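Colleague:
Numbering (this note's numbering), first residue to last: 180 to 337.
(1) Would you give the residue range spanned by the alpha helix (DSSP H) that residue 316 belongs to?
(2) Hey, how far is the Cα of residue 298 from the Cα of residue 304?
(3) Is it true that the CB of residue 242 sits closer than 8 Å to the CB of residue 261?
(4) Taking all protein chains shown into account, decide if residue 180 is buried (16 or more other Cβ within 10 angstroms of its Cβ) or exposed.
(5) DSSP on residue 183, reduced to helix/strand/coil?
(6) Nearest-angstrom Cα distance between residue 282 and residue 183?
(7) Just the C-alpha distance for residue 317 and residue 331, rounded to the nearest angstrom, thanks.
(8) Do residue 203 and residue 240 have their beta-carbon atoms positioned less than 8 Å apart in this structure?
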């Protein structure tokens with residue numbers, strides 16, 4: 180299996196940086212040079228060859244893989260020495276996260292809209308029920324008043 184994780188080689192001195200930069204320039208792959216930082220980022224396909232070169236030449240480097248995952252995106256973005264392929268991976272990861280958040284947002288909006296529709300249906304049902312019984316109650320009150328008026332006219336209080 181071909182290794183695709185790029186490696187960040189941080190030279191501890193100018194001589195080591197210059198030696199590896201000259202070697203890396205001959206590689207047929209993604210190589211990013213950052214002379215002001217004494218950092219070289221090389222495609223992971225060449226990790227074994229570069230490691231052998233560093234050992235054979237006795238160069239002094241701090242070596243670290245550049246792995247892109249959700250936990251270190253911000254850290255990688257804030258790193259001055261990052262290769263183009265890593266930036267591309269970060270962009271794709273951010274696009275995936277944005278799409279995922281948009282999908283979750285749309286699902287939540289759909290749930291809220293459905294809940295709102297159910298609440299409106301319940302509101303309309305209880306409003307109709309209230310009006311029905313309120314009208315019935317008012318009609319009964321009017322009937323009682325009418326009966327009271329009839330009783331008062333048949334049997335006067337005097």
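Where is the CB? At the ideal position from N, CA and C, for every residue including glycine. Model, not experiment: these values are computed from the prediction.
Modeller: To lay it out plainly:
(1) Translated into positions along the chain shown, residue 316 becomes position 137. Note, residue 316: alpha helix (DSSP H), 263-333.
(2) Within the chain shown, the letter at position 119 stands for residue 298. Within the chain shown, the letter at position 125 stands for residue 304. Cα-Cα distance, rounded: 10 Å.
(3) Residue mapping note: residue 261 aligns to position 82 of the chain shown, counting from 1. Residue mapping note: residue 242 aligns to position 63 of the chain shown, counting from 1. No, Cβ-Cβ distance for residue 261 and residue 242 is not below 8 Å.
(4) Stepping through the chain shown from its first residue, residue 180 is reached at position 1. Note that residue 180 scores 49 on pLDDT, short of 50, meaning its location in the model is unreliable and no value can be drawn from it.
(5) The residue labelled residue 183 in the question sits at position 4 within the chain shown. The answer is coil: DSSP assigns residue 183 none of H, G, I, E or B.
(6) The count along the chain shown starts at 1 and reaches residue 282 at position 103. The count along the chain shown starts at 1 and reaches residue 183 at position 4. Distance between the alpha carbons of residue 282 and residue 183 is about 30 Å.
(7) Counted from its first residue, the chain shown places residue 317 at position 138. Counted from its first residue, the chain shown places residue 331 at position 152. Distance between the alpha carbons of residue 317 and residue 331: 21 Å.
(8) For the purposes of this step, residue 240 is identified with residue 61 of the chain shown, where counting begins at 1. For the purposes of this step, residue 203 is identified with residue 24 of the chain shown, where counting begins at 1. No, they are not a contact pair.
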